[in-house]
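Here the structure comes first, spelled out in structure tokens, and everything after it is commentary.
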Amino acid sequence: MRLSALFLRIGVFIFAAVFAALGARAAVSVVEDRSVVSVQETLIDRGYDWASVIGDGLQVILEGEAPTEATRFRAISAAGSIVDASRIIDNMGVAESGNIAAPDFTIEILRNDSGVSLIGLIPADTDREALADRISNIAKGQRVTDLLETADYPVPDSWPDALSYSLRALEMLPRSKISVAADRVSVNAISDSAADKARLETALARSTPDDVRLAVSITAPRPVISPFTTRFTKSSDGVRFDACAADSPEAERAIMAAAATAGYEGKSPCVQALGVPSRTWSDAVSLSIGAINALEGGTVTVSDTDVSLVALEGTDQGSFDRVVGELENALPDVFALNAELPATPNANAEGPPQFTATRSPEGAVQLRGRVPDDLVNTTAENYAMAKFGRANVTMGTRIVSDLPAGWTVRVLAGIEALSTLSNGAVLVEPDSVTVRGNTGSESAQADITRLLIDKLGQTAKFDIDVTYVKQLDPIASLPTAEECVAQIHAVTEARKILFDPGSASITADTQPVVDDIADILKKCPDLKMRIAGFTDSQGREQMNQQLSQQRASAVLDALRLRRVLVSSFDAIGFGEANPIATNDTEAGREANRRIEFSLIVPEPTPEETTTLEAVEAAPSE
């Protein structure tokens, strides 16, 4: 009995132990599965989907290949936020890192009245001493702040060209910000005038290296006009502006809308400038132009806050009074109106006294007509000599008494107006001044208008008909690169550049041809030109190649001796290649022995938007 009870107790104990073991294993399995699932979900949520999780009892094993050591550490930390760190076994690897990419070499250059500042990253093998000397010479004694860092990486092929070009641009632009990259130079600058802006843009564009993209933004300050003047005329000869000034694009549009209603059809002549006397300037000008239109003709001059209206001869008195009255009441308070209805002239009256000044295209100036006394005659002569040069002035005046009041001022004003023209004439009469001629300045008509108003008064009657001729403009008349090459081709088609037989010596008879080509190139700066030499097929190919190269180089040297800037020229010999005629005849061989000039045209580079440009272009929130 006692034995049976003992066995029963042992059996119960063994059963309990087995049951407990099985329960513990089941519990561990549940904990293990939950830990693996939780850790895997966390890793995926945080972007570590490259990692896998394996459970081994209560231990959590991490496997996979992390892209970086830092990423591997962050994955371990993420797993540690779910299970105890002591349970984590790290079996993860790290991907092999490739070569470190070379940095982008860039420079930001700022130049102003305070000096020159440089910041950026440049190649380690840059000649810092030579660069510093160049910047110092450009700064001309002003302070130079050098914050450039260096990195020892291979230099991009286009970097030297970009850096050299940026320094040339910096030398031309005393107020500028230049951003330099290996394949791109961005220039932001302020010029002194619109003409200076056009000159700088042309110079920068023509000297751009082939492998560098250029982005240019040059602004010209608005001029200050005093007096702020607009003069509008409508007559049987048509509708025109002698001068037009506006203080904003909105003001210009309002003035041009009024002018269009009055029959004006040309492009806007208005200059946007500083110096406007009132915010209501455009209102006053628009109303005044409308009054001229209502009178069906006349001239209105708005100078600062003074408005002078002169109707056409023969205008109905009733219409004149009505329109003038309406204009006077409609003008803004600060503007004062002076209106005039000219009397009909007496047909039997004698012709008025006259003074005439003419200037020929060659520069010869003649002064003819009446002056009141010797003093005025001498004054007019000396004034003309100061304006045009002593050798260019011829006097044909005569002294006449009883000339109208203000005659001397009108004569001198006429001479000064003539000095703004390349050629033309000025006629001074008692009641009017007429200016006719050609000019190379687009603002000449407005300049003459302001001059005459300043010297003669706002109510003065004058007529200005000045034609802008592009060829007379020292900036706009510069030939294009294509035009320069066309001129050279015209010279070489008429007269060939010849060489002594079997040599690279230019014959004495054809030296004038090189002279003519040099004269053309001096008017076409900053060209990228190729001088190509060709031979006929006689002789060995290698010898022909060498001879053609020598002849092309000889032409290049000849141009250099004639003070042509040839730094951007290439001289290449092509031997007997590319014949333009048969080599079977003497005439054909003669044609094939030639020198050709052509432009070097860079391959277009697609524009790429930089990160900085993209940020600047993004709309602000």
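Going by the working numbering, the first residue of the sequence shown is number 876, and it counts up by one from there.
For every residue, glycine included, the Cβ atom is placed at its ideal position computed from N, Cα and C.
Range covered by the alpha helix (DSSP H) that runs through residue i
i     : result
N1252 : 1249–1263
L985  : Note, L985: premise wrong, no alpha helix (DSSP H); beta strand (DSSP E) at 981–987.
F1374 : Per DSSP, F1374 belongs to no alpha helix (DSSP H) and is neither H nor E.
A1232 : Where A1232 is concerned, there is no enclosing alpha helix (DSSP H), although the beta strand (DSSP E) it sits in stretches over 1230–1234.
G1200 : 1192–1205
G1332 : Counting along the chain, G1332 falls outside any alpha helix (DSSP H), and DSSP gives it neither H nor E.
S1039 : 1034–1047
P1387 : 1386–1397
I957  : It is not in any alpha helix (DSSP H) - I957 carries neither H nor E in the DSSP assignment.
I1363 : 1356–1369
Where residue i sits in the DSSP three-state scheme
i     : result
Y873  : This structure cannot speak to residue 873, because the chain is shown only from 876 to 1496.
A1319 : helix
S1143 : coil
F1210 : coil
E1215 : strand
D931  : strand
A1300 : strand
S1505 : Limits of the chain in this structure are 876 at one end and 1496 at the other, which puts residue 1505 out of reach.
G1165 : helix
F1409 : strand
I1053 : strand
E1076 : helix
E916  : helix
Y923  : coil
V1476 : coil
T943  : coil
K1345 : helix
D1401 : coil
R1009 : helix
L1278 : coil
L1327 : helix
A1090 : strand
V1081 : The amino acid occupying residue 1081 in the given sequence is Arg; Val does not appear at that position. Three-state result, R1081: helix.
A899  : At A899, the pLDDT of 48 sits below 50, so the modelled position is not reliable and the matter cannot be decided from this model.
Nearest-angstrom Cβ-Cβ length linking residue i and residue j, presumed shorter than 8 Å
i     : j     : result
A1014 : V1030 : So it is not a contact: roughly 25 Å between Cβ atoms.
T1324 : R1106 : 5 Å
V1310 : I1339 : 5 Å
F1337 : I1406 : 54 Å between Cβ atoms; not a contact.
L1184 : A1214 : 4 Å
Q1362 : I1328 : With 8 Å as the limit, Q1362 and I1328 do not qualify as a contact, their Cβ atoms being about 43 Å apart.
V1251 : T1283 : 5 Å
A945  : W925  : Not really, about 14 Å apart at Cβ, beyond 8 Å.
V1198 : L1170 : 5 Å
S1051 : L1045 : 7 Å
Neighbour-count burial assignment, residue i, 16 or more Cβ in a 10 Å radius
i     : result
L1149 : exposed
P1257 : Here the sequence assigns Asn to residue 1257, which means Pro is not the residue at that position. Under this definition N1257 is an exposed residue.
R1245 : buried
R986  : buried
A901  : Note on A901: pLDDT 48, under 50, position unreliable in the model; the coordinate value appears next. Exposed, since its Cβ has fewer than 16 Cβ neighbours within 10 Å.
P998  : buried
S1111 : exposed
R1415 : exposed
Q1320 : buried
D959  : exposed
I1475 : exposed
V1341 : buried
T1486 : Confidence at T1486 is low in this model, with a pLDDT of 46, below 50, so the placement of that residue should be treated as unreliable; the coordinate-derived value is given next. Burial call: exposed.
E1465 : exposed
K1403 : buried
Q1333 : buried
K1109 : buried
I963  : buried
T1104 : buried
Run of the beta strand (DSSP E) containing residue i, from where it starts to where it stops
i     : result
D965  : 963–965
V1099 : Neither: V1099 is in no beta strand (DSSP E) and is coded neither H nor E.
I1130 : Premise fails: I1130 lies in the alpha helix (DSSP H), 1124–1136, not in any beta strand (DSSP E).
N1502 : As displayed, the chain neither begins before 876 nor continues past 1496, which places residue 1502 out of reach and without an answer.
L1184 : 1181–1186
R1243 : 1240–1246
A1118 : 1113–1118
V1177 : 1173–1178
S1294 : Where S1294 is concerned, there is no enclosing beta strand (DSSP E), given that its DSSP letter is neither H nor E.
L993  : 990–998
V1268 : 1268–1274
Residue i CB to nearest heavy atom of the ligand COA below 7 Å
i     : result
F1107 : Ligands in the displayed structure: none, and consequently the ligand COA is not present.
Worksheet entry | alpha helix (DSSP H) runs contained entirely in the region 1420–1470, provided each spans 4 or more residues | Within the region 1420–1470, the alpha helix (DSSP H) runs of at least 4 residues that lie entirely inside it are, in chain order, 1461–1467.
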